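Visitor: Numbering (my numbering), first residue to last: 1138 to 1559.
Using N, Cα and C, we set each Cβ at its ideal position, and we do this for glycine too.
These numbers were taken from a predicted model, which means no experiment stands behind them.
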Amino acid sequence: MDVARNHGCLKHWDSEVDGARGLTQPCGGAEVQIGLLTGGADRHYAFGLAIALISKGIRLDFIGSDELDSPELHGTPKVNFLNLRGNQRRDASLVRKVSRVLIYYVRLIRYAAIARPKVFHILWNNKFEFFDRTLLMLYYKLLGKKIALTAHNVNAGRRDSTDTLLNRLTLRSQYRLADHIFVHTEKMKSELLAGFGVRECVVTVIPYGINNAIPDTNLTPDEAKQRLGIRGGGRTLLFFGNIAPYKGLEYLIAAFQRIVARRVEYHLIIAGSLMKGCERYWDEIQQTISRSVNRGQIIQKIYHIPDEETELYFKAADVLILPYRHIFQSGVLFLGYGFGLPVVAADVGSLREDIIEGKTGFVCRPEDPVDLAKAIETYFSSDLYRGLNSRRQEIREYANERHSWNTVGQLTRKVYAELLEN
């Protein structure tokens, strides 16, 4: 659905913002109003955080897109949903893509100039990262806004092997201009302090909230396997999410080759979209598969998996595999836990901190297909796998306790209050 058809013109958003101005109260009052700048993406995190903040009495200007739009965000007076980003269809022409991004920036800049919230919380940057990290941040500061920033990846360039001096300088600029930064692990906090000179007092570690935006129906694991053509008793591994070199899929393929050479009842599901610029990487993986693996044992769904399809893959799987080479934290891990699915993960970043060996999964050495294969076979010979039907609820409870959106909401609201008081 196109923004122009939805809202007509910028004047419509001006009136929405004006209407929200009367709702704002000082920090000492019962309510606080925040501008939540989502970047128009990552519906799962933005939705979870918004619902958590609403429950803490916070009113939101939710800067979103068609992708982030949801009935729940229109059913409460605490949310002023502003669809500034609109349609982001991937099949649009280049001219259309360029024009809609430029229009979005105009709308965002106009919104910031007249918005009542004194705190802007940036969840993700927009299309032009370097501009967002520098000039746009300076613009917000000149308007007198306090800036809270969630750094989901401290330096994605280093993770993706695309790091440059300009990337580090602009990241440093954004981190220095932000009044407060949220990260998800102590390791991320340490990198911010050591790598970018950020002061410890402006960084808060918050849990990565459990995904509560994905439908979870009465579909059973047996039914899910049948839909994917997996026979009863088949041991099923799942690789889910974006496909890129840092995800280490090649190590999983190599480990899978070792396993199926000994036992044939294994299946591997690869479900997710190929990240831009990773075509050669994917071609090499396909060549490896064609040379030494029965293609019938690997189910490939290489596209953006919509929310309504997600549970099919997590319920068909017996274990989630995270063979990553480099990462701080993984939303896929908690998505899996939300479905009660155990995990076998490489020991990178902070993944080990969220895995109880033998209870919620197993850990292996990174970039080591032999050790990964061993960990997978250990899992399938463990009590965790044998009692999986009863263990699923225990895994859900463990994740909900450690990664509650209620906790995220409390910590985030406290930071907002401190920013407004100062």
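Taking only three categories from DSSP, how would you classify residue 1275?
Guide: Residue 1275: helix per DSSP, three-state reduction.
Visitor: Assuming the contact rule is C-beta atoms closer than 8 Å, residue 1217 and residue 1197 should be a hit. Round their C-beta distance to whole Å, please.
Guide: Indeed they touch by this definition, with Cβ atoms about 7 Å apart.
Visitor: Straight-line CA distance for residue 1145 to residue 1226?
Guide: Residue placement at residue 1145 is poorly supported in this model, since its pLDDT is 35, which falls under 50; the coordinates still yield a value, given next. So the alpha carbons of these two residues sit roughly 19 Å apart.
Visitor: Could you name the residues of the same chain whose beta carbon sits closer than 7 Å to that of residue 1517, not counting the 5 residues immediately before and after it, in chain order?
Guide: Cβ neighbours of residue 1517 beyond the five flanking positions: 1372.
Visitor: Could you give the residue range of the alpha helix (DSSP H) that holds residue 1543?
Guide: Counting along the chain, the alpha helix (DSSP H) containing residue 1543 begins and ends at 1542–1558.
Visitor: Is the Cβ-Cβ distance between residue 1546 and residue 1193 less than 8 Å?
Guide: Yes, Cβ-Cβ distance for residue 1546 and residue 1193 is below 8 Å.
Visitor: Out of 1258, 1435, 1524, 1463, point me to the one whose CA is closest to residue 1200's CA.
Guide: For residue 1200, the nearest C-alpha among the options comes from 1258.
Visitor: Pairs of beta-carbons, one from the region 1280–1295 and one from the region 1307–1321, closer than 8 Å: are there three or more?
Guide: Segments in contact, yes.
Visitor: So, are the CB atoms of residue 1532 and residue 1396 less than 8 Å apart?
Guide: Not in contact: residue 1532 and residue 1396 (Cβ atoms no closer than 8 Å).
Visitor: Taking the CB atoms as reference points, tell me whether residue 1170 and residue 1244 lie closer together than 8 Å.
Guide: No, the Cβ-Cβ distance between residue 1170 and residue 1244 is not below 8 Å.
Visitor: Alpha carbon to alpha carbon, how far is residue 1508 from residue 1502? Give it in angstroms, no decimals.
Guide: Straight-line Cα distance between these residues: approximately 6 Å.
Visitor: So residue 1238 packs on residue 1264, CB below 8 Å; how close in whole Å?
Guide: With 8 Å as the limit, residue 1238 and residue 1264 qualify as a contact, their Cβ atoms being about 5 Å apart.
Visitor: Can you tell which of 1404, 1183, 1452, 1223 has its C-alpha closest to the C-alpha of residue 1437?
Guide: Minimum Cα distance to residue 1437 is reached at 1404.
Visitor: Is it right to say residue 1354 is buried, meaning 16 or more other beta carbons lie within 10 angstroms of its own, or is it exposed?
Guide: Classification for residue 1354: exposed.
Visitor: Using a threshold of 8 Å, state whether the C-beta atoms of residue 1190 and residue 1260 are closer than that.
Guide: Cβ distance not < 8 Å, so residue 1190 and residue 1260 don't count as in contact.
Visitor: Nearest CA to the CA of residue 1295: which residue from 1511, 1275, 1328, 1492?
Guide: Nearest option by C-alpha distance: 1328.
Visitor: Looking at the structure shown, is residue 1384 part of a helix, part of a strand, or coil, going by DSSP?
Guide: Looking at residue 1384 - three-state DSSP - the assignment turns out to be helix.
Visitor: Among 1498, 1543, 1269, 1464, which has the Cα closest to the Cα of residue 1571?
Guide: With the chain covering 1138 to 1559 only, the question about residue 1571 has no answer from this structure.
Visitor: Using the Cα positions of residue 1274 and residue 1311, report the straight-line distance between them to the nearest angstrom.
Guide: C-alpha separation (whole angstroms): 7 Å.
Visitor: Return the residue from the list 1557, 1558, 1552 that minimises the CA-CA distance to residue 1338.
Guide: Comparing Cα positions, the closest option is 1552.
Visitor: If distances are taken between C-alpha atoms only, which option among 1334, 1287, 1289 comes closest to residue 1306?
Guide: With distances taken between Cα atoms, residue 1306 lies closest to 1334.
Visitor: Given that a residue counts as buried once 16 or more other Cβ atoms are within 10 Å of its Cβ, and exposed if not, what is residue 1413?
Guide: The residue in question, residue 1413, is exposed, as its Cβ has fewer than 16 Cβ neighbours within 10 Å.
Visitor: Check residue 1474 in the structure and name its three-state DSSP category.
Guide: Residue 1474 falls in the helix class under three-state DSSP.
Visitor: What does a CB cutoff of less than 7 Å around residue 1473 pick up in its chain, not counting 5 residues either side in sequence?
Guide: Cβ within range, chain order: 1451, 1457, 1480.
Visitor: Suppose you measure from the CA of residue 1179 to the CA of residue 1525; what does that come to, to the nearest Å?
Guide: Their backbone Cα atoms lie some 30 Å apart in a straight line.
Visitor: Out of curiosity, what's the CA-to-CA distance linking residue 1323 and residue 1487?
Guide: If you take the alpha carbons of residue 1323 and residue 1487, they lie about 8 Å apart.
Visitor: Using the Cα positions of residue 1541 and residue 1346, report the straight-line distance between them to the nearest angstrom.
Guide: Distance between the alpha carbons of residue 1541 and residue 1346 is about 6 Å.
Visitor: Are the CB atoms of residue 1494 and residue 1485 nearer to each other than 8 Å?
Guide: Their beta carbons are not under 8 Å apart, which means residue 1494 does not touch residue 1485 by this criterion.
Visitor: Taking the alpha helix (DSSP H) that residue 1603 belongs to, which residues open and close that run?
Guide: As displayed, the chain neither begins before 1138 nor continues past 1559, which places residue 1603 out of reach and without an answer.
Visitor: Give me, in chain order, the residues of the same chain whose beta-carbon lies closer than 8 Å to that of residue 1442; leave out the 5 immediate sequence neighbours on both sides.
Guide: Result list for residue 1442: 1377, 1408, 1409, 1410, 1450, in chain order.
Visitor: Please classify residue 1357: is it buried, with 16 or more other beta-carbons within 10 angstroms of its beta-carbon, or exposed?
Guide: The residue in question, residue 1357, is exposed, as its Cβ has fewer than 16 Cβ neighbours within 10 Å.
Visitor: Nearest to residue 1292 by CA position, among 1262, 1276, 1272, 1435, is which residue?
Guide: Nearest C-alpha to residue 1292: 1262.
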